[in-house]
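Respectively, the protein sequence lines represent chains A, B and C. Note that our numbering numbers the first sequence so that position 28 is 28, with each residue one more than the last. Position in the second sequence counted from 1, then plus 136, gives you our numbering. Position in the third sequence counted from 1, then plus 388, gives you our numbering.
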Amino acid sequence: MDGEVLTQPLFRSLGWTWWTKRPSYLLVFLRESSSVFIAVQVVLVLVLLHKAGQPAADYQAYLDFLWNPGMVVFHVVSIVFALWHTYTWFNLLPQTVAIRIRGRRIPGLLLVAPQFGGWAVVTGLIIAWVWWVGAA
Amino acid sequence: MSTAIETMVKFEVFRYQPDWDEPTYQVYDVPYHEDWVVLDALNYIKDTIDGTLTYRWSCRMGVCGSCGAMVNGYPKLTCAAFLSEYMPGPIRVEPLVNFNVERDLVTNLEGFMDKLESVQPWIIRDDGATDELKSEYLQTPAQHAVYQQFSMCINCLLCYAACPVSSHSDEFIGPAALALAQRYNLDSRDEGVEQRRDVILKDEGIWECSFVGECSAVCPKHVDPAGAIQQAKMTGAIDYYRRLLMPWTVKS
Amino acid sequence: MRGRSHEPIFWSIFGMGGVIAAMFIPVMIFVTGIGGAAGWDAVTGALAHGEDGIGALLNHAPVRAVLGLIMALASVHAAHRIRHTLIDLHVHAPPAVLIVASYGAAAILSALIAIVLALF
Numbered sequence: 001m002d003g004e005v006l007t008q009p010l011f012r013s014l015g016w017t018w019w020t021k022r023p024s025y026l027l028v029f030l031r032e033s034s035s036v037f038i039a040v041q042v043v044l045v046l047v048l049l050h051k052a053g054q055p056a057a058d059y060q061a062y063l064d065f066l067w068n069p070g071m072v073v074f075h076v077v078s079i080v081f082a083l084w085h086t087y088t089w090f091n092l093l094p095q096t097v098a099i100r101i102r103g104r105r106i107p108g109l110l111l112v113a114p115q116f117g118g119w120a121v122v123t124g125l126i127i128a129w130v131w132w133v134g135a136a
Numbered sequence: 137m138s139t140a141i142e143t144m145v146k147f148e149v150f151r152y153q154p155d156w157d158e159p160t161y162q163v164y165d166v167p168y169h170e171d172w173v174v175l176d177a178l179n180y181i182k183d184t185i186d187g188t189l190t191y192r193w194s195c196r197m198g199v200c201g202s203c204g205a206m207v208n209g210y211p212k213l214t215c216a217a218f219l220s221e222y223m224p225g226p227i228r229v230e231p232l233v234n235f236n237v238e239r240d241l242v243t244n245l246e247g248f249m250d251k252l253e254s255v256q257p258w259i260i261r262d263d264g265a266t267d268e269l270k271s272e273y274l275q276t277p278a279q280h281a282v283y284q285q286f287s288m289c290i291n292c293l294l295c296y297a298a299c300p301v302s303s304h305s306d307e308f309i310g311p312a313a314l315a316l317a318q319r320y321n322l323d324s325r326d327e328g329v330e331q332r333r334d335v336i337l338k339d340e341g342i343w344e345c346s347f348v349g350e351c352s353a354v355c356p357k358h359v360d361p362a363g364a365i366q367q368a369k370m371t372g373a374i375d376y377y378r379r380l381l382m383p384w385t386v387k388s
Numbered sequence: 389m390r391g392r393s394h395e396p397i398f399w400s401i402f403g404m405g406g407v408i409a410a411m412f413i414p415v416m417i418f419v420t421g422i423g424g425a426a427g428w429d430a431v432t433g434a435l436a437h438g439e440d441g442i443g444a445l446l447n448h449a450p451v452r453a454v455l456g457l458i459m460a461l462a463s464v465h466a467a468h469r470i471r472h473t474l475i476d477l478h479v480h481a482p483p484a485v486l487i488v489a490s491y492g493a494a495a496i497l498s499a500l501i502a503i504v505l506a507l508f
């Protein structure tokens with residue numbers, strides 16, 4: 001009672017479990033988690049490229065592994081995460097760059113829509129190219 | 137019987153005093169009024185049930201920024217949190233997280249005040265005229281529009297309570313202060329970019345931000361601190377490479 | 389420059405990698421992981437071993453270089469995000485340790501990509 005502070009300050013943190021506390025946090029956490037799936041898929045493709053230079057039996061064994069049902073489930077989960085990364089990344093651009101024309105910020109859609117358009121064209125062209133090569 | 141039975145709402149209010157070992161939640165029954173906000177309920181509790189409850193408030197209309205608290209885990213201005221949104225209750229009121237608690241719902245703002253001051257959120261002129269107006273500095277509506285959104289901050293600190301980075305780093309300058317730094321850096325009348333650079337461009341400035349974006353979601357004034365920080369990162373990265381690759385273009 | 393952050397280096401590569409990953413990683417996963425498993429002959433053929441298969445798909449050096457760049461940028465992008473996510477999960481590690489571990493792993497992965505594609 002002599003004016004001294006008797007206890008340590010009470011610090012209350014949002015805590016490391018913040019991502020469980022609201023759907024919006026969870027969606028961001030899933031966005032960040034996409035990086036793990038992207039990294040693993042890069043490794044899988046790296047091994048695929050490596051195996052392509054090996055004898056046919058080794059290469060086929062790796063393809064069998066890559067395409068077994070359990071791995072396909074993983075690929076589907078990975079592609080969902082990768083698409084979530086794509087969707088969130090494109091949508092965050094208007095917050096990151098503020099482009100003004102005659103003093104007014106241009107609508108976010110003008111920044112977001114071309115990205116999705118470009119994505120559709122790139123994805124379509126690559127699939128068409130693979131199809132063309134594979135059918136040849 | 138013609139007596140109307142009042143609907144009651146259960147409030148679970150965080151209680152703590154510096155000489156207590158542990159905080160506790162105290163339960164109060166408050167009559168429900170459709171037009172009441174959480175702050176009205178806190179005032180009702182203090183006036184009629186328990187005068188020892190401590191909390192900050194002033195304007196009751198979303199301008200002063202002093203009544204922020206966690207309402208059912210979500211940072212809100214208690215003057216803007218209508219009871220009807222939380223019915224039938226209970227409604228849990230806690231101090232904003234990521235701050236030290238002084239007493240009950242009152243947090244210690246000293247750390248934030250230091251951070252705010254560190255970004256020098258005022259107009260800086262090369263001629264040193266910071267506190268007295270030597271001449272008029274005219275500004276067009278378009279120049280004003282560039283920073284207007286970031287100038288709406290009322291320092292209510294809901295953004296810090298929403299920020300996962302602030303939850304682990306008490307050095308992080310944080311959303312509101314960085315948005316205000318950006319507000320002055322973008323002001324056509326300001327010449328203080330150089331003076332703010334070292335504070336903003338260190339790790340604890342903009343670079344610790346991982347763009348969770350919840351600061352912008354909870355902001356009652358639609359300031360978009362997350363956007364301000366990302367834009368500052370873009371400027372900061374360009375500045376970094378310019379200094380690295382073309383040092384002769386940087387004035388010392 | 390004293391006390392200033394070198395994070396812009398990581399952040400700018402992270403940003404480039406983010407765009408690249410957003411554009412190319414979904415279709416990469418589709419072609420390598422899903423199309424063939426789903427039994428689409430064209431994809432199986434495109435990835436088949438031999439001169440007309442994956443050879444044709446990656447026969448041109450510029451195509452391999454672009455693929456390598458995409459994969460390397462995506463791995464730095466992923467490393468940056470994993471590092472910041474660990475920090476945001478309150479993992480208490482010295483900043484330098486996290487930097488070396490995350491970008492170091494991405495650098496090693498990038499070097500392996502370069503080696504494998506150079507020997508292709």
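Built from N, CA and C at the ideal position, the CB exists for glycine as well.
Annotation: isoleucine 79 of chain A to aspartate 476 of chain C spans about 24 angstroms, alpha carbon to alpha carbon.
In the structure shown, the three-state DSSP call for asparagine 179 of chain B is helix. The segment 140–150 of chain B makes no contact with the segment 454–474 of chain C; the number of CB pairs closer than 8 angstroms stays below 3. Around the beta carbon of methionine 197 of chain B, fewer than 16 other beta carbons lie within 10 angstroms, which makes this residue exposed.
Residues of chain A with a Cβ closer than 8 angstroms to the Cβ of methionine 459 of chain C are, in chain order, Val42, Val45, Leu46. Beta-bridge partners of alanine 216 of chain B (DSSP): none assigned.
DSSP, read as helix, strand or coil, puts glycine 310 of chain B in coil. Those residues of the segment 346–364 of chain B placed with their C-beta closer than 7 angstroms to a C-beta in chain C are Ser346, ordered along the chain. In this structure, glycine 363 of chain B places its C-beta atom within 8 angstroms of the C-beta atom of glutamine 95 of chain A. For phenylalanine 65 of chain A, no chain C residue has a Cβ inside 8 angstroms of its Cβ, as the nearest lies near 11 angstroms away. Each of B/Ser194, B/Phe235, B/Gly209, B/Pro167 was checked against the Cα of cysteine 215 of chain B, and the nearest Cα belongs to B/Ser194. Excluding the 5 residues flanking it on each side, leucine 44 of chain A has same chain C-beta neighbours closer than 7 angstroms at Leu66, in chain order.
Residues of the segment 391–423 of chain C with a C-beta less than 8 angstroms from any C-beta of chain A: Gly406, Val407, Ala409, Ala410, Met411, Phe412, Ile413, Pro414, Val415, Met416, Ile417, Phe418, Val419, Thr420, Gly421, Ile422, Gly423, listed in chain order. DSSP, reduced to helix, strand and coil, places tyrosine 283 of chain B within a helical segment of the structure shown.
In this structure, DSSP gives arginine 12 of chain A an extended state, which the three-state scheme calls strand.
For asparagine 91 of chain A, the uninterrupted alpha helix (DSSP H) segment begins and ends at 69–96. Of all residues in the segment 212–239 of chain B, the ones placed with a Cβ closer than 9 angstroms to any Cβ belonging to chain A are Glu230, Pro231, Leu232, Val233, Asn234, Phe235, Asn236, Val237, Glu238, in chain order. Residue burial is scored here from C-beta neighbours: glutamate 344 of chain B has at least 16 other C-beta atoms within 10 angstroms and is therefore classed as buried. The contact set of proline 311 of chain B on chain C, defined by CB atoms closer than 7 angstroms, is empty, because the minimum CB distance reaches about 14 angstroms. Secondary structure at tyrosine 164 of chain B: strand, using DSSP grouped into helix, strand and coil. In this structure, the straight-line span from the alpha carbon of proline 414 of chain C to that of leucine 83 of chain A is close to 6 angstroms.
Between alanine 312 of chain B and tyrosine 296 of chain B, the C-beta gap is smaller than 8 angstroms, which places the two residues in contact.
Using a CB distance cut-off of 8 angstroms, leucine 497 of chain C counts as an interface residue toward chain A.
Interface residue (Cβ-Cβ distance to chain C less than 8 angstroms): isoleucine 79 of chain A is classified as such.
Distance from the Cα of glutamine 285 of chain B is smallest, within the candidate group B/Met206, B/Ala205, B/Tyr320, for B/Tyr320. Two segments are said to touch when three or more pairs of C-beta atoms, one from each, lie closer than 8 angstroms; by this definition the segment 8–18 of chain A touches the segment 228–237 of chain B. By alpha-carbon distance to leucine 314 of chain B, the top candidate from B/Lys369, B/Glu221, B/Arg378 is B/Lys369.
The DSSP-derived three-state label of alanine 425 of chain C is coil. At least one beta carbon of chain C lies nearer than 8 angstroms to the beta carbon of histidine 304 of chain B. In the DSSP annotation of this structure, the continuous segment of the beta strand (DSSP E) that includes valine 145 of chain B starts and ends at 144–151.
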